[in-house]
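Take a look at the structure set out below.
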Amino acid sequence: MKIINYCFVIAVLLGSCSTSGKISKKAIENDEKFAAEQYKILAKNTPTYEMPVNYDPAKNLFKTGKTEGWTSGFYPGSLWLIYKATKDPVIKEEAENRLKLQENIKYFTGNHDIGFMIFCSFGTAYDITKKPEYKDVILTAAESATKRYNSKMRAIQSWNKSNRYQAPVIIDNMMNLELLEWASQNGGDKKYADIARNHANTTLKNHFRPDNSSYHVVDYNPETGAVIKKVTHQGFSDESAWARGQAWGLYGYTMMYRFTKDRKYLDQANKIAAFLLNHPNLPKDKIPYWDFNAPDIPNAKRDASAGAIIASALLELAQYSSGNLKKKYIADATTMIQALSSTYRSAPGANKGFILQHSVGHLPNNSEVDVSLTYADYYYLEALDRYKRWVL
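Position in the sequence shown (from 1) plus 2 gives the number in my numbering.
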């Protein structure tokens with residue numbers, strides 16, 4: 003039955019294969035040069051003791067935050083990706099300075115987000131520089147991440163207990179498993195990988211609906227590991243498909259296959275891709291609405307951050323695919339990157355230096371609606387880098 007279902011997923015995917023042409027190397031390099039100029043502006047606008055978070059053009063409001071914020075690792079990570087592409091010494095100096103500010107987060111245990119905070123910053127930096135001191139930070143952070151692991155739940159608790167939740171685990175947490183897997187394979191304890199795989203398996207069991215869309219939050223009984231409830235905190239409704247949550251799942255299971263070569267993770271990534279890429283509410287440019295079930299589609303807000311994450315994930319998923327399926331993933335990622343590089347790109351010098359515009363953070367809370375977001379830039383830059391390395 004599993005083989006039949008998997009083949010059905012592939013058949014559905016191939017039935018809507020895009021025919022977009024490739025993006026030229028020159029176009030990618032122009033996008034990266036534009037990013038460098040924007041981030042020089044962003045650097046001037048950001049206090050030396052904080053990190054940029056977002057910019058709301060409607061309110062002309064630029065928000066920065068402390069390194070304890072979950073998005074703090076994306077700015078230094080973006081700087082390193084820009085430096086990798088351009089070798090701009092001004093960008094490198096800013097990147098190094100921001101890592102110094104970020105380093106103490108390696109001890110952070112306040113929530114699950116240390117993976118975003120450290121691996122997107124120091125992990126990206128180490129990949130480019132191979133400085134041993136950066137690796138040491140990553141290994142320390144991996145140990146810190148394990149402090150939130152609950153063996154009864156066989157998962158890392160995302161947020162602390164509150165009036166709303168006992169022991170919540172969110173789909174976003176799949177992204178933080180990269181820190182643990184990488185650390186385990188690069189000198190760290192084997193338990194890091196064991197925890198990552200337990201968490202991925204628990205999420206696979208409890209987070210997904212029959213159509214392979216994902217809930218945002220699964221709340222557990224921390225004493226027994228039993229599921230209490232399943233909700234979608236940042237989406238339109240508990241049963242809706244919040245776009246960025248679906249993107250986290252696609253990226254997370256693709257990444258888990260990279261480290262483990264466990265076929266069930268690849269199968270899940272393909273199933274999520276099938277849900278996303280063939281959804282009747284996915285726009286022509288493939289940048290999703292903030293929620294696939296938003297009631298005001300086609301007038302609903304788009305989420306460039308979800309589009310950037312999906313594009314980057316598809317480029318990796320294509321590496322584990324072949325034939326027409328591989329072509330489809332690349333073609334759809336191409337369509338997304340082309341849209342992000344045009345319709346969703348800031349005007350030169352605009353948006354305080356952010357690269358992309360038109361992202362959505364938490365619409366039900368009226369927070370970060372149609373704004374520039376630091377993680378949208380990061381995954382867009384990662385997608386550009388992957389495209390250049392794997393497609394061109």
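The beta-carbon is built from N, C-alpha and C at its ideal position, and this holds for glycine as well. Predicted, not measured: the structure shown is a model, and the values here were computed from it.
- Apart from the 5 residues on each side of it in sequence, Ala29 sits with its Cβ closer than 8 Å to the Cβ of Ser343 in its chain, given in chain order.
- When secondary structure is reduced to three states using DSSP, Ser216 falls in the strand class.
- Ranked by Cα distance from Asn152, the options Ala60, Ile312, Gln359 and Val171 are led by Val171.
- The beta carbon of Val55 sits closer than 7 Å to the beta carbons of Lys65, Thr66, Gly67, Gly71, Thr73 and Thr376 from its chain, once the five residues preceding and following it are set aside; these are given in chain order.
- Around Asn178, the same chain offers His114 and Gly117 as residues with beta carbons nearer than 6 Å, after the five sequence neighbours per side are excluded.
- When DSSP states are grouped into helix, strand and coil, Asn208 belongs to the helix group.
- About 35 Å separates the CB atoms of Thr336 and Ile107; that is not less than 8 Å, and the two are not in contact.
- Bounds of the alpha helix (DSSP H) holding Asp33 are Lys27 to Asn47.
- The C-alpha of Pro297 is placed about 29 Å away from the C-alpha of Ser164.
- With respect to Ile332, Ala320 sits close: the two C-beta atoms are nearer than 7 Å.
- When secondary structure is reduced to three states using DSSP, Pro78 falls in the helix class.
- Beta-bridge partners assigned by DSSP to Thr66: Pro54.
- Of the other Cβ atoms in all chains shown, 16 or more fall within 10 Å of the Cβ of Gly190; this residue is therefore buried.
- With respect to the 7 Å criterion, Ala45 and Glu96 are classified as neighbours on the basis of their beta carbons.
- Under DSSP, the beta-bridge partners assigned to Arg304 are Tyr291.
- Check the Cα spacing between Asn367 and each of Gln236, Gln40 and Arg211: the tightest is with Gln236.
- Contact annotation: Lys273 and Asn214 have beta-carbon atoms nearer than 7 Å.
- Assignment of Lys24 by DSSP, reduced to helix, strand and coil, places it in the coil class.
- DSSP, reduced to helix, strand and coil, places Asn283 outside both helices and strands of the structure shown, so it counts as coil.
- Distances from the CA of Met176 to each of Gln270, Tyr85 and Ser323 were compared; the closest alpha carbon is that of Gln270.
- For Glu241, the secondary structure class from DSSP, reduced to helix, strand or coil, is coil.
- With a cutoff of 7 Å on beta-carbon distance, Met257 and Glu180 are scored as near each other.
- Taken in chain order, the whole alpha helix (DSSP H) runs of length 4 or more contained in the region 142 to 229 are 179 to 187 and 192 to 208.
- In the assembly as shown, Pro78 is a buried residue. Its beta-carbon has 16 or more other beta-carbons within 10 Å.
- Phe294 is the residue among Lys102, Asn200, Leu279 and Phe294 whose C-alpha sits nearest the C-alpha of Ala243.
- DSSP, reduced to helix, strand and coil, places Asp138 within a helical segment of the structure shown.
- Relative to the Cα of Ser123, the nearest Cα in the group Leu103, Gly112 and Pro300 belongs to Leu103.
- Judged by beta-carbon spacing, Met338 lies within the 7 Å limit of Ala313, meaning their Cβ atoms are closer than that value.
- Taking a 10 Å sphere around the C-beta of Thr204, we find 16 or more other C-beta atoms and assign the residue as buried.
- Burial state of Asp240 is exposed, judged by a 10 Å Cβ sphere holding fewer than 16 other Cβ atoms.
- Take Ala87, set aside five residues on each side of it, and the residues of its chain with a beta-carbon closer than 6 Å to its own are Glu34, in chain order.
- Residues of the same chain with a CB within less than 7 Å of the CB of Asp221, apart from the 5 flanking positions on each side, are Tyr167, Gln168, Ala169, Pro170, Ile230 and Lys231 in chain order.
- Rounded to whole angstroms, the Cβ separation of Thr131 and Ile197 is 27 Å, and the two are not in contact under 8 Å.
- A residue is called buried once 16 or more other Cβ atoms fall within 10 Å of its Cβ, and Glu105 is buried on that count.
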